[in-house]
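Chemist: Quick one: structure below, then a few questions.
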Amino acid sequence: MNHYETVFILNPVLSETQIEETVKKFEDFLIKNGGKMVSKENWGLKKLAYPIQHKKSGFYHLFEFTVPGEVITPYELEFRRDERVMRFLTVKLDKHAIAWAEKRRTKLKANA
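What follows is the structure, given as structure tokens:
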């Protein structure tokens, strides 16, 4: 089981329920394929540095999860097939990144 982090940007014209459905779809995909969610964050609507698909903003979401390595390819294929997703990036976390993410989460909980 490897530790991964995915940030994805959803289309800004989606309704709240459509956003929740999309996030749930990708979360369910991971769980169904033997993954475990470590953290899930909704960063909200943010302005993009440059237009993507003629849009100037998007809804950002972050998933941190553990999953077997062979699940990542079909997981990213799901992102490519979904027209609601404008961009995504999945990275494998090393031990330093895992420690940093843990520290970041505890800081966020303390501020909340």
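Numbering-wise (the working numbering), the sequence shown opens with residue 17 and increments by one.
Don't be surprised by glycine CBs; every beta carbon is placed ideally from N, CA and C.
Indicate the three-state DSSP secondary structure (helix, strand or coil) for Ala139 in the structure shown.
Modeler: The structure shown does not extend to residue 139, since the chain is modelled only from 17 through 128, so no value can be given for it.
Chemist: Cα separation between Lys119 and Gln69?
Modeler: Stepping through the sequence shown from its first residue, residue 119 is reached at position 103. Stepping through the sequence shown from its first residue, residue 69 is reached at position 53. About 35 Å.
Chemist: Taking buried to mean at least 16 other C-beta atoms within 10 Å of its own C-beta, is His112 buried or exposed?
Modeler: The sequence position of residue 112 within the sequence shown is 96, counting from 1. That one is exposed.
Chemist: Do Tyr76 and Gly60 have their C-beta atoms within less than 9 Å of each other?
Modeler: By one-based count along the sequence shown, residue 76 stands at place 60. By one-based count along the sequence shown, residue 60 stands at place 44. It is a contact, given that the beta carbons lie within the stated cut-off.
Chemist: Which value, in whole angstroms, describes the spacing of the CA atoms of Glu92 and Phe104?
Modeler: Locating residue 92 in the sequence shown gives position 76, counting from the first residue. Locating residue 104 in the sequence shown gives position 88, counting from the first residue. Distance between the alpha carbons of Glu92 and Phe104 is about 8 Å.
Chemist: What does the Cβ neighbour count give for Glu86, buried or exposed, with the cut at 16 atoms within 10 Å?
Modeler: Start at 1 with the first residue of the sequence shown, and residue 86 comes out as number 70. Burial call: exposed.
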